[in-house]
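S.K.: Let me begin by handing over the structure; questions about it come next.
Numbering (the working numbering), first residue to last: 17 to 180.
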């Protein structure tokens with residue numbers, strides 16, 4: 017639940033800073049990018065410090081090199097967090113993190129169904145974990161959505177100009 021707490025607290029705090037006059041943080045999407053970045057720093061960092069062994073145990077047995085996969089996903093989460101902070105790379109980072117959330121979900125399913133312990137406590141049950149993953153995915157897609165709309169509009173205009 018720590019990642020959800022970080023996402024909410026940082027997003028709301030950044031939005032409050034925006035409301036207090038920091039122009040770059042006046043919109044919810046900008047604040048959400050910061051909240052997601054903080055969340056992915058926390059989750060990506062846990063791939064190296066604190067929970068590494070637990071995360072390795074979550075990798076389904078059918079996948080090779082669990083340690084390498086945990087390292088790779090941790091690096092990708094940290095890189096995505098950095099990418100979210102720069103407006104030019106934010107859509108790419110949000111898209112990549114969305115794919116990563118989907119790709120890593122089987123590890124959460126395995127942890128729940130195998131009854132693993134994480135940090136000394138039982139892994140979160142599958143239904144709440146799935147709902148939590150949906151919240152994280154919705155957040156990354158919320159960052160990506162305006163960029164996709166702009167891209168589609170630009171493509172339509174370019175197509176209309178080419179036909180005239």
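Yeah, the Cβ is synthetic: ideal placement off N, Cα and C, and Gly gets one too.
In whole angstroms, what is the alpha-carbon distance linking residue 108 and residue 71?
M.R.: Straight-line Cα distance between these residues: approximately 26 Å.
S.K.: Look at the Cβ atom of residue 94, then the Cβ atom of residue 60, and state whether they are nearer than 8 Å.
M.R.: Their beta carbons are under 8 Å apart, which means residue 94 touches residue 60 by this criterion.
S.K.: Is it true that the stretch 72-84 meets the stretch 49-60, where meeting means three or more beta-carbon pairs spaced less than 8 Å apart?
M.R.: Verdict: no, contact absent.
S.K.: Pick from 36, 42, 163, 112: whose alpha carbon is nearest that of residue 2?
M.R.: This structure cannot settle anything about residue 2, because the visible part of the chain is limited to 17 through 180.
S.K.: Compute the beta-carbon to beta-carbon distance between residue 142 and residue 128, rounded to the nearest angstrom, for a pair I have assumed lies under 8 Å.
M.R.: At roughly 4 Å, the Cβ-Cβ gap stays under 8 Å, so residue 142 and residue 128 are in contact.
S.K.: If residue 47 and residue 37 are in contact, beta carbons under 8 Å, what's the gap, nearest whole angstrom?
M.R.: No, residue 47 and residue 37 are not in contact; Cβ-Cβ is about 14 Å, not under 8 Å.
S.K.: What did DSSP end up calling residue 137 once you bin it into helix, strand or coil?
M.R.: If DSSP states are grouped into helix, strand and coil, residue 137 belongs with the strands.
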